[in-house]
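Residue numbers (the working numbering): 1460 to 1715.
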């Protein structure tokens, strides 16, 4: 029912407290009989969130303390760094300025009925769809997802992916030692920054092949490859065929 280290089952009862010094993200379902009341506290300020009986939705929070005042609530907690990575890609694709300054946000709640299955795929689809739908409460949730070091690491790498500098230079510009930058990048990406950025470069070059009449050597050089053979080798290793054959195959599929 639950996937690896992405989803964790949770259940809270009256008197339970959940610390949220860093952003936490949940899908929650309130008790069918009495709903649930939460008190979210930060720096002497308290905010109440009341969920009606049986109400379901996505809940993001970053606060010193969240107290379950009354009622019961259950659901799953999502691995927020995985969603932060996805949000960085969404923002890059839509050219959304994720760095924009906004007021401090303690929590966000957006109604979302129980999906057919509690899976990573369903919740990733939910986040992608919200970038189009803009449902009530999503601004706060997205802001809290962005308020995560992993989001900024991925956002930074995406904006530097075309510069082809060494990881030492990229990490230095970010303001960290190369070893610490490597650790944070691997945590954010699920892979090393070098491998991930090479993958991004390959995909961008392939997209250029599809929509550009430049010769392959020019495209390879444009994306920082040392030679056409270097680019061809990467394509063969990933897809099993050379770039020209890959282009023909994709074009044939598009014409069907």
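Don't be surprised by glycine CBs; every beta carbon is placed ideally from N, CA and C. Treat the numbers as computed from the prediction; the structure is a model and nothing was measured.
Look at residue 1479 here: in three-state DSSP terms it is strand.
When secondary structure is reduced to three states using DSSP, residue 1509 falls in the strand class.
Residue 1608 counts as exposed, since fewer than 16 other beta carbons sit within 10 angstroms of its beta carbon. For residue 1677, the enclosing alpha helix (DSSP H) stretches over residues 1675-1681. Inclusion of residue 1693 and residue 1605 in the CB contact set at 9 angstroms is not warranted, their separation being larger than that value. Within its own chain, the residues whose Cβ lies closer than 6 angstroms to the Cβ of residue 1483, once the five positions on either side in sequence are excluded, are 1520, listed in chain order. Contact between residue 1676 and residue 1661 is ruled out by a C-beta separation of about 16 angstroms, above the 8 angstroms threshold. Given a length threshold of 4 residues, each whole run of the alpha helix (DSSP H) inside the region 1605-1656 is given here in chain order: 1608-1619, 1626-1633, 1637-1648.
Around the Cβ of residue 1511, a 10 Å sphere holds fewer than 16 other Cβ atoms; the residue is exposed.
Cβ contact annotation for residue 1501 (same chain, cutoff 7 angstroms, sequence separation greater than five): 1522, 1523, 1565, in chain order.
Counting every other CB atom within 10 Å of its CB across the protein chains shown gives residue 1504 a total below 16, marking it as exposed.
Secondary structure at residue 1692: helix, using DSSP grouped into helix, strand and coil. Where residue 1498 is concerned, the enclosing beta strand (DSSP E) starts and stops at 1495-1501. Rounded to whole angstroms, the gap between the alpha carbons of residue 1655 and residue 1629 is 14 angstroms.
Under the three-pair Cβ rule at 8 angstroms, the region 1522-1541 counts as touching the region 1470-1479.
Secondary structure note for residue 1522: its beta strand (DSSP E) is the uninterrupted segment 1515-1530.
Assignment of residue 1685 by DSSP, reduced to helix, strand and coil, places it in the coil class. Excluding the 5 residues flanking it on each side, residue 1491 has same chain C-beta neighbours closer than 8 angstroms at 1512, 1513, in chain order.
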